[in-house]
Amino acid sequence: MASHHHSLLSFAALATTFSIVLLCSFSLIEALDEGFSRDLIHRDSPKSPFYNPSETHSQRVAKALRRSINRVNSFKPTSSVSPNSPQTDINFSDSGEYIMKYFVGTPPVPILGVADTVNYGDKSFSKGDLAVDTLTLNSTSSRPVSLPKTIIGCGLNNSLTSGVTGSGIVGLGGGSKSLVSQLHSSIAGKFSCCLLPFIYSQDNTSSKLNFGSHAVVSCFGTVSTPLVLHKRPHTYYYLTLEAMSVGNKRLELSSSSASRGSKGNIIIDSGSTLTYFPAEFYSKFESAVAEEINFERIDDPSHLLCYNISDHDIDVPNITAHFSGADVKLNPTSTQ
């Protein structure tokens, strides 16, 4: 998740991204009544084409932090691109945390893409041609799902934020041209992501992208908070974060001048490992965490809260995010 004020916080692990410049306008003949699910592969998983077996866990974490910093910088506004033009970050090798395989054409040709809930949100743009073809998605529990007459963008003039060109983005955002928006009537307007913490990226377990009836989350302990609608840009999913608790100490986000009285003050961003807070609030939050940890603090190049724990286990305080109508206790694997 990310707020509009970009002070860095070294806790929480929400991340993702898919790919090919998919402007996904669909004309489906039949509804996908039963729902379906797809695997999402973390970019540092052994299943990923970007996996580097020689990297240590610390090196992977450092790269994830750098990607998150680059990510938040890409949200700065630009006046050089028309708001009506399709826009997407197509720097595939250095953006996004999760990738997904899908197929285009008949016979189907496999492509790896980056899945993004904040598609079309940065300074990059792509101009080119549109083609109509069949998009096919494998399902984890049933036969592949084919989506005929899909409009797919082929970029010829691309302005990139940095790095190597990739296939593009499969949009999971709220914009009218995203994949989930164009599938809306066929999946009953429902989709969900189950994203595993970064620490599990080396396991064989996979995160999931769920559509239709498969997207319903009803297990024990499930909580919900409403999306805040009618904010711009429409592609973002806005939530209201009221406070954070460190142990028994509750810190009201409304105490921050940047967020006072603000509904929809934070967005869900599947393409960032880190969570971002207003600078004023983050300073208070960091101090509260530091008061609870009895270990030697060391300097970190990224200016994050960092401790020298050597071979010792660190006792991390309970951290809870208080959304409107929902308290979410964060797992220690997502706060270290």
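In mature numbering (1 follows the signal peptide of the UniProt record, and there is no 0), the protein residues as written are -31 to -1, 1 to 305.
Using N, Cα and C, we set each Cβ at its ideal position, and we do this for glycine too.
Nearest in C-alpha terms to Leu9, of all of Ser155, Cys162, Ile236, is Cys162. Distances from the alpha-carbon of Ile121 to those of Thr103, Phe160, Pro79 put Thr103 closest. A check of alpha carbon separations from Val297 across Ala248, Leu273, Glu211 identifies Glu211 as the nearest.
CA-CA distance, Thr109 to Ala248, rounds to 42 Å.
In the DSSP annotation of this structure, the continuous segment of the beta strand (DSSP E) that includes Ser6 starts and ends at 5 to 11. Per DSSP, the beta-bridge partners of His291 are Ala212, Asp296. Counted as a single uninterrupted DSSP element, the alpha helix (DSSP H) harbouring Asn42 occupies residues 26 to 42. Residue pairing for Tyr251: DSSP places it in no beta bridge.
In terms of Cα proximity to Leu222, the closest of Val41, Phe246, Ser241 is Phe246. With contacts defined by Cβ atoms closer than 7 Å, Ile237 and Tyr206 form a contacting pair. Fewer than three beta-carbon pairs drawn from the stretch 147 to 156 and the stretch 9 to 23 are found closer than 8 Å, and the two stretches are therefore not classed as touching. DSSP places Gly74 in the coil class of the three-state scheme, outside both helix and strand.
Here the C-alpha atom of Ile38 lies approximately 12 Å from the C-alpha atom of His272.
By the neighbour-count criterion, in which a residue is buried when 16 or more other Cβ atoms sit within 10 angstroms of its Cβ, Ile283 is exposed.
For Leu148, the uninterrupted alpha helix (DSSP H) run begins and ends at 148 to 151, by DSSP. Contact between Leu141 and Thr86 is confirmed by a C-beta separation of about 5 Å, below the 8 Å threshold. Remark: C-beta atoms of His183 and Gly65 do not approach each other more closely than 7 Å.
Assignment of Ile68 by DSSP, reduced to helix, strand and coil, places it in the strand class. A straight-line Cα-Cα distance of about 6 Å links Leu106 and Ser115. Close CB contacts of Asp269 within its chain, under the 6 Å cut and outside five residues either way in sequence, are with Cys275 (chain order). Within the same chain, Cβ atoms closer than 6 Å to the Cβ of Arg266 are found at Tyr276, the five residues on either side in sequence being excluded. Membership of Arg219 in the beta strand (DSSP E) is indicated by the continuous run 218 to 221.
For Cys162, the uninterrupted beta strand (DSSP E) segment begins and ends at 160 to 163. Collapsing the DSSP output to three states places Val285 in coil.
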